[in-house]
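Quick note: the sequence shown uses our numbering, first residue 159, plus one each step.
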Amino acid sequence: MEVPAVGWQLLVVAGIVVSLAAVVAASRPDGRWGQLARRRLVMGVPWGTLLAALGVTLFYLVAQDGLVNPRDPVVIPFRAWGYFYPTGMVTAAFAHSGFGHVLGNVVGTLVFGSIAEYAWSHFPRERGSTSFSSPSTNPLVRIAAWTAGVFVAGLLSGLFSLGPVIGFSGVVFAFVGFALVRYPLATVATLAVTSVVTLVYRALRRPEITRTASESFSRPWWADVAIQGHALGLFLGVVACVALLYRRGVRPSPARVWLAALLVAVDRGLWAVYTIEGSDRFRLFRAVGTAAVFLLAATVAAGVAASDRDLIPSIDLSRREAAYGLLLSVLFALALVSVPFNLFVVDDPSTGFETADAVEVGDYTVFYAEGVENQYIPAAPVPGRNASADAVEASGVIVVSEERNIWWQVVSKGRLASRGSATVRLGGVTWSEEVQATRNGWNLADGGSAYHVRLAPPDEEG
């Protein structure tokens with residue numbers, strides 16, 4: 159007997175309600191949970207975090223055309239293509255590549271942002287201070303300051319991230335870094351909460367699924383991780399919270415902070431250091447990444463635990479100043495590594511489509527090519543087997559815009575061959591158009607095969 163979707167959804171809701179009722183009955187909070195939240199938050203609500211989540215959601219729905227195409231938004235014009243395309247650099251942190259992407263970052267914002275804002279507090283934490291005695295102790299001003307800080311963190315993550323990044327994850331990692339310094343154990347426990355929320359969402363959206371074994375195209379999960387941007391966001395949050403705790407005279411347990419930083423870095427994939435070697439080829443440096451996350455944890459713990467004792471008396475340098483200087487140095491290094499790449503200008507935007515059947519839409523040119531030199535990703539010599547400094551090649555559907563400094567493979571040859579067709583959404587802040595790519599293949603009498611890729615412009619029906 160087939161069970162309707164609503165039946166399964168009611169089962170999920172019932173399970174959640176019964177579970178929550180059981181924990182409330184067992185713990186008997188008697189209002190303690192609400193009082194705990196109201197000690198630091200106006201009405202017990204993280205208003206700044208809610209505003210940030212709302213702003214990101216609205217940007218996705220309105221600017222990226224998510225209301226009309228919730229699972230296929232306009233992405234290309236909102237990526238951080240470099241300093242010569244300021245629109246992308248400013249909007250990259252607040253835009254997303256798909257519904258799952260924005261959902262994950264909104265959930266992360268609500269979960270980790272709430273903990274971070276609780277640590278910040280809407281009410282003054284210094285001894286002898288009272289609310290409304292000055293602008294800095296006014297809860298409304300503090301909420302506004304937190305919200306502005308989130309916006310600035312978003313701008314910084316876009317301006318100093320490596321490559322054409324997109325997404326609010328840099329700010330989410332800043333929330334994580336801020337939270338783990340002040341509440342390390344709670345932050346680690348919260349990692350599981352995001353998984354629970356995601357599971358509940360998926361169970362409600364698709365209560366029952368059926369799958370059969372089949373061939374499919376996939377790329378390594380770590381090849382889609384903006385590792386430098388995430389690390390930048392994490393250290394941005396750590397540096398901000400450590401400065402706040404120095405001022406408040408709070409010193410968390412260094413062992414707990416070390417453990418939390420290590421677990422967060424491993425769980426969130428900060429060990430996944432990789433390079434792009436070709437159209438669908440990537441190299442992962444797992445050993446380098448593993449060593450890096452242990453050093454990351456030690457650096458954060460040292461910054462939190464450092465005392466005011468002299469380290470080098472002759473220059474009046476304290477241990478705390480040295481440790482905080484190390485944190486700042488790591489943050490600046492992570493930011494500065496992106497500057498040369500973001501100053502890069504595509505030398506020859508026409509590479510690849512001189513002989514291709516190209517489609518022009520506004521300032522964009524879309525074409526299909528194989529084995530052409532990638533004009534956006536520079537070659538870099540890397541150690542290991544088959545190391546090479548040869549140019550990175552691109553094969554697939556490529557989008558070019560000289561005006562926006564774009565030369566990008568949006569659909570790889572392998573992905574198009576697996577799916578048969580793909581939609582490329584182009585546009586700007588106020589407009590969008592679609593180009594349909596279709597791959598038709600034939601088996602020849604001599605046992606060989608052939609295929610043709612056709613690009614349909616917006617004014618032509620597929």
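Where is the CB? At the ideal position from N, CA and C, for every residue including glycine.
Residue i - containing beta strand (DSSP E), residue span
| i | result |
| --- | --- |
| Thr581 | 579-585 |
| Gln567 | 564-570 |
| Arg405 | Where Arg405 is concerned, there is no enclosing beta strand (DSSP E), although the alpha helix (DSSP H) it sits in stretches over 385-406. |
| Asn227 | Element bounds for Asn227: n/a, residue is neither H nor E. |
| Arg621 | Absent from the model: residue 621. The displayed extent of the chain is 159 to 620, so no value can be given. |
| Ser607 | 607-614 |
| Asn598 | 590-601 |
| Arg441 | 440-442 |
Under the three-state DSSP convention, the category residue i falls into
| i | result |
| --- | --- |
| Ala371 | coil |
| Val351 | helix |
| Val519 | strand |
| Gln167 | helix |
| Ser327 | helix |
| Ile556 | strand |
| Leu469 | strand |
| Tyr341 | coil |
| Val358 | helix |
| Gly620 | Low local confidence applies: a pLDDT of 48 at Gly620 is under 50, so the model's placement there is unreliable, and no value is given. |
| Val161 | coil |
| Phe252 | helix |
| Phe452 | helix |
| Val503 | coil |
| Phe525 | strand |
| Phe336 | helix |
| Leu257 | The question names Leu, yet the displayed sequence has Phe at residue 257. DSSP places Phe257 in helix when its eight states are reduced to three. |
| Ala445 | helix |
| Asp474 | coil |
Where the alpha helix (DSSP H) containing residue i begins and where it ends
| i | result |
| --- | --- |
| Asp425 | 412-425 |
| Val431 | Val431 -> no alpha helix (DSSP H), and no H or E assigned at all. |
| Tyr482 | 477-494 |
| Ile301 | 297-317 |
| Leu320 | That residue, Leu320, is in no alpha helix (DSSP H); it is neither H nor E in DSSP. |
| Gly206 | 205-216 |
Counted within 10 angstroms of its Cβ, other Cβ atoms place residue i as buried (16 or more) or exposed
| i | result |
| --- | --- |
| Thr370 | exposed |
| Trp205 | buried |
| Gly280 | Note on residue identity: the sequence assigns His, not Gly, to residue 280. Answer is buried; the Cβ neighbour count reaches 16. |
| Glu435 | buried |
| Arg439 | exposed |
| Trp600 | exposed |
| Met201 | exposed |
| His388 | buried |
| Gln533 | buried |
| Gly620 | With a pLDDT of only 48 at Gly620, under the threshold of 50, the placement of this residue in the model should not be trusted; the figure read from the coordinates follows. Gly620 is exposed by the Cβ-count criterion. |
| Tyr609 | exposed |
| Ile556 | buried |
| Gly578 | exposed |
| Val175 | exposed |
| Pro498 | exposed |
| Asn263 | buried |
| Gln193 | exposed |
| Ile367 | exposed |
| Asn598 | exposed |
Whole-number beta carbon distance between residue j and residue i, since they are thought to touch under 8 Å
| i | j | result |
| --- | --- | --- |
| Ser437 | Gln594 | Not really, about 21 Å apart at Cβ, beyond 8 Å. |
| Ala460 | Leu428 | Going by Cβ atoms, the distance from Ala460 to Leu428 rounds to 18 Å, so no, they are not a contact pair. |
| Thr345 | Ile273 | 6 Å |
| Gly312 | Ala251 | 4 Å |
| Asp425 | Leu343 | Contact doesn't hold; Cβ gap of about 14 Å is too wide. |
Identity of the residues DSSP links to residue i by a beta bridge
| i | result |
| --- | --- |
| Ala195 | Paired residue(s): none; Ala195 is not in a bridge. |
| Tyr276 | None; Tyr276 has no bridge partner. |
| Glu551 | Glu531 |
Residue-level contact to chain B via CB, residue i, 7 Å cutoff
| i | result |
| --- | --- |
| Asn532 | Of the protein chains in this structure there is only one, and it is not chain B. |
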